[in-house]
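**Student:** Numbering (UniProt numbering), first residue to last: 1 to 327.
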């Protein structure tokens, strides 16, 4: 009886800490052989607790409204550094790659559409087993919490951009604050360095905040809210709006070639665009094939599959998320 009463009283407090993002964490450590495997089991659990146990916005999300996000963290090595005795293995420091995939529901269906499909090839962090992962809004705490907090705010920003025009701005600015708090040694590392334009975190963030990339962010809203969300009731109008979104992405690509944001968009949407336009008219198909082949030239052959016979498919159920235009 007493236990039931305690749980009843604590329930509201437990719900307060639930993340707006439903994170799934997958850890791959097959390439590491010299470390106690229990360290990685603890790391995977700590990451899930940190990401899912923290609220990132002031909006209230119902359980069914949470954003689905999956992290694939592959640890490839223990970092080595020079010491007075030569090369020395630091057992609690690791490096590898990180892939993130997120999705959003589509109005009136039981399916979802991919929003982010991104791979970070320069992950490096320290981790002490049983030391809680913490993120401060005032000061730098650790590389690992900064890394995860950075991507959490990017995931939120991209999701909010699909529900309202430029709705993700506050969350990109939060990611910028995390970057600004990094100590110089961390900020100058390959994964963060602003001087490294090879698709790292700083470059992706710069894209999201750049005026030249406003057409892509506008396209996120047009593609999803005015396009996919309308496909159930008016597929022709919905597809026309998706075409307008692709035109915006093409304009941004011409203004800012080889941008990380454009590449992230096509990596997430390539297969979906092919399926959507299989049911379009010949002129629509030709226009989209030409545009996507310019935007995503290495995959131009994929877009020719649009001419295959068969109806267009849509994926997902929109939801109302908070008061900031996400209706």
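Backbone N, C-alpha and C fix where the C-beta goes; we use that ideal spot for every residue, glycine too.
Source: prediction; values computed, not measured.
Using a Cβ-Cβ cutoff of less than 7 Å, which residues in the same chain neighbour residue 361 once the five nearest sequence positions on both sides are dropped?
**Tutor:** Because residue 361 is not part of the residues shown, which for the chain are 1 to 327, the question remains open.
**Student:** Measuring straight from C-alpha to C-alpha, what distance separates residue 143 and residue 40?
**Tutor:** Whole-angstrom Cα-Cα distance: 17 Å.
**Student:** Look at residue 189 and residue 202 and say whether their C-beta atoms are less than 7 Å apart.
**Tutor:** Against a cut-off of 7 Å, the Cβ pair of residue 202 and residue 189 comes out as no contact.
**Student:** Which class does residue 125 belong to by DSSP, given the choice of helix, strand or coil?
**Tutor:** Strand at residue 125.
**Student:** Less than 7 Å between the C-beta atoms of residue 246 and residue 155, yes or no?
**Tutor:** No.
**Student:** Using alpha carbons as the reference points, say which of 243, 252, 250 lies closest to residue 281.
**Tutor:** Minimum Cα distance to residue 281 is reached at 243.
**Student:** What distance in whole Å lies between the Cβ atoms of residue 171 and residue 149, which are believed to be in contact at a cut-off of 8 Å?
**Tutor:** Contact doesn't hold; Cβ gap of about 11 Å is too wide.
**Student:** Please state the DSSP three-state secondary structure of residue 36.
**Tutor:** In this structure, residue 36 counts as coil in the three-state DSSP scheme.
**Student:** Given that a residue counts as buried once 16 or more other Cβ atoms are within 10 Å of its Cβ, and exposed if not, what is residue 237?
**Tutor:** Residue 237 comes out exposed.
**Student:** If you count every other CB in all the chains shown that lies within 10 Å of the CB of residue 323, and 16 or more means buried, which is it?
**Tutor:** The pLDDT assigned to residue 323 is 37, lower than 50, so where the model puts this residue is not dependable; a value taken from the coordinates is nonetheless given after this. It counts as exposed.
**Student:** Taking the alpha helix (DSSP H) that residue 295 belongs to, which residues open and close that run?
**Tutor:** Where residue 295 is concerned, the enclosing alpha helix (DSSP H) stretches over 282-295.
**Student:** Tell me the rounded alpha-carbon separation between residue 293 and residue 220.
**Tutor:** Roughly 19 Å separates the two Cα atoms.
**Student:** Is DSSP giving residue 272 helix, strand or coil here?
**Tutor:** Helix at residue 272.
**Student:** Measuring only the C-alpha atoms, how far is residue 176 from residue 192?
**Tutor:** Taking the straight line joining both Cα atoms gives about 11 Å.
**Student:** Is residue 60 helix, strand or coil by DSSP?
**Tutor:** Residue state, collapsed to three classes: coil.
**Student:** For the alpha helix (DSSP H) containing residue 162, name the first residue and the last one.
**Tutor:** Run containing residue 162: 143-163, per the alpha helix (DSSP H) assignment.
**Student:** Going by DSSP, which residues form a beta bridge with residue 23?
**Tutor:** DSSP, once it has assigned bridges, lists 69 as partnering residue 23.
**Student:** Please name the residue, chosen from 110, 179, 117, that lies closest to residue 98 on a Cα-to-Cα basis.
**Tutor:** Answer by Cα proximity: 117.
**Student:** Under three-state DSSP, which class holds residue 233?
**Tutor:** Residue state, collapsed to three classes: coil.
**Student:** Given this structure, state the Cα-to-Cα distance separating residue 18 from residue 277, to the nearest angstrom.
**Tutor:** In a straight line, the C-alpha of residue 18 is about 39 Å away from that of residue 277.
**Student:** Which term fits residue 239, buried or exposed, when burial requires 16 or more other beta carbons within 10 angstroms of its beta carbon?
**Tutor:** By the neighbour-count rule (16 or more Cβ atoms within 10 Å), residue 239 is buried.
**Student:** Pull up the distance between the alpha-carbon of residue 50 and that of residue 140, whole angstroms please.
**Tutor:** Roughly 16 Å between the two C-alpha positions.
**Student:** Would you kindly work out how many angstroms separate the C-alpha atoms of residue 130 and residue 43, rounded to a whole number?
**Tutor:** Distance between the alpha carbons of residue 130 and residue 43 is about 8 Å.
**Student:** With DSSP as the reference, label residue 113 as helix, strand or coil.
**Tutor:** DSSP places residue 113 in strand when its eight states are reduced to three.
**Student:** Could you give the first and the last residue of the continuous alpha helix (DSSP H) run that contains residue 183?
**Tutor:** Per DSSP, residue 183 belongs to no alpha helix (DSSP H) and is neither H nor E.
**Student:** Give a single yes or no on whether residue 190 has its beta carbon closer than 6 Å to a heavy atom of the ligand MN.
**Tutor:** With respect to the ligand MN, the structure offers nothing, as it holds no ligand at all.
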